[in-house]
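These notes concern the structure reproduced below.
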Amino acid sequence: MTECNLALWYRQFGDPIDVLTLESSPLAPRPADLLRVQMHYAPINASDLIPITGAYRHRVAPPQVAGYEGVGTVIAAPPSFQHRVGQRVLPLRGVGCWQHYVDIDPQLAIPVPEDIPSTLAARAYINPLAALLMLQQWPVSGKNVLITAGGSACALLLAQWAQLHGAHQVVVEYRASAHAERLHTLGLTALQDTAQETLKAVSAQTDIVFDAVGGDVGQLIWQALPEHAQFVAYGVLSGTPVKVNANRPALHWFHVRHTLGDIGAAQWQQLFFALWPLLHNSECGEVEIFPLSEWRAAIESYHQSGRSRKPMLCLYR
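With the sequence shown counted from 1, adding 4 to any position gets you our numbering.
Encoded structure:
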């Protein structure tokens, strides 16, 4: 009997709910030089959903299997990598992760330490790596930091790690009231987006902004910043980028893909050696598990305002 692979494909651009389809097909033979990974979990991120809409059609074209990160177990390998069979890995920088099986270059597959739960490992790429790289590129020691989108996974990590990196003050802007308690519990100054005058006053004393929202909130912050400030835009959740009409304060666009460039395998692996201890000791939020067959419900959950748990697809059979 031929074994099958189940995968979430999009064969045209559009709303993910409308264009994603769960398809079963015979499992192709494993390429001789690749690992075969049986997937366990894959989270749902904005960066998974936005390409499906066609927003990045200059570099992403259907048909594609969706999903950019996840965790699984190596079930087959080339002879020189047999020691990796049975190992949990992140099969990254290859094909889409929203499927039962992924084949990946052994040099790019990231080993997962034993003390990292699979539901945390599955989320270790998109948001944590972005947070780590931004803090490396724009050091925060001794500075006043303002972070938007306080309900998001990346903002939560940025805020905690900015504290670890010696920021003088970390203020986190949020939209839904449900996020305030968690931010306060972490010792962060939390500020709701409706408190515009306070947000202006805080912005006027800010050195570095990490913004994932854009729109009215991002625009208000940029306009209130002192000239020496750095405004780092790494997302546009509002759908409207911040517009600037001056060189100062400086606005920088950050993309993990551009920052990594053609990074070599050794450097790629080293990034995660630095990342695992940080993740292990951080508040990363809870997850809500959805079977792959319930992918629509998972995406709908992702879009819920005030959501406290990260939707995650279970890719076990």
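Yeah, the Cβ is synthetic: ideal placement off N, Cα and C, and Gly gets one too.
Check: Quick one: measure Cβ to Cβ for Pro281 and Ala302, integer angstroms, because I've assumed they're closer than 8 angstroms.; Outcome: About 29 angstroms separates the two Cβ atoms, so there is no contact after all.
Check: Measuring alpha carbon to alpha carbon, tell me which of Arg15, Arg40, Ala81 ends up nearest Thr57.; Outcome: Arg15
Check: Can we say the region 17-25 touches the region 192-209, given the rule of at least three CB pairs closer than 8 angstroms?; Outcome: no
Check: For Ala125, collect the residues of the same chain with a Cβ closer than 6 angstroms to its Cβ; drop the 5 residues on either side in sequence, then sort them by chain order.; Outcome: Val75, Val116
Check: Can you say whether Pro67 is buried or exposed, counting buried as having 16 or more other CB atoms within 10 angstroms of its CB?; Outcome: exposed
Check: Run through DSSP, which three-state label would Thr202 get?; Outcome: helix
Check: If you reduce the DSSP assignment to three classes, tell me which class Ser84 lands in.; Outcome: helix
Check: So Cys101 and Tyr72 are in contact, right, with Cβ under 8 angstroms, and what is the actual spacing, rounded?; Outcome: 6 angstroms
Check: Is the distance from the Cβ of Leu187 to the Cβ of Ala194 below 9 angstroms?; Outcome: yes
Check: Report the residue ranges of all alpha helix (DSSP H) runs contained in full by the region 193-271; include only those spanning at least 4 residues, in chain order.; Outcome: 200-207, 219-228, 260-264
Check: Between the Cα of Gly146 and the Cα atoms of Ala134, Gln173, Leu133, which residue gives the shortest distance?; Outcome: Gln173
Check: Tell me whether Phe277 sits in a helix, a strand or coil according to DSSP, three-state version.; Outcome: helix
Check: Pairs of beta-carbons, one from the region 282-299 and one from the region 265-272, closer than 8 angstroms: are there three or more?; Outcome: no
Check: Find the nearest neighbour of Thr244 within the set Arg311, Thr263, Glu304, Val217, judged by alpha-carbon distance.; Outcome: Val217
Check: From Tyr306 to Tyr129, what distance separates their C-alpha atoms?; Outcome: 18 angstroms
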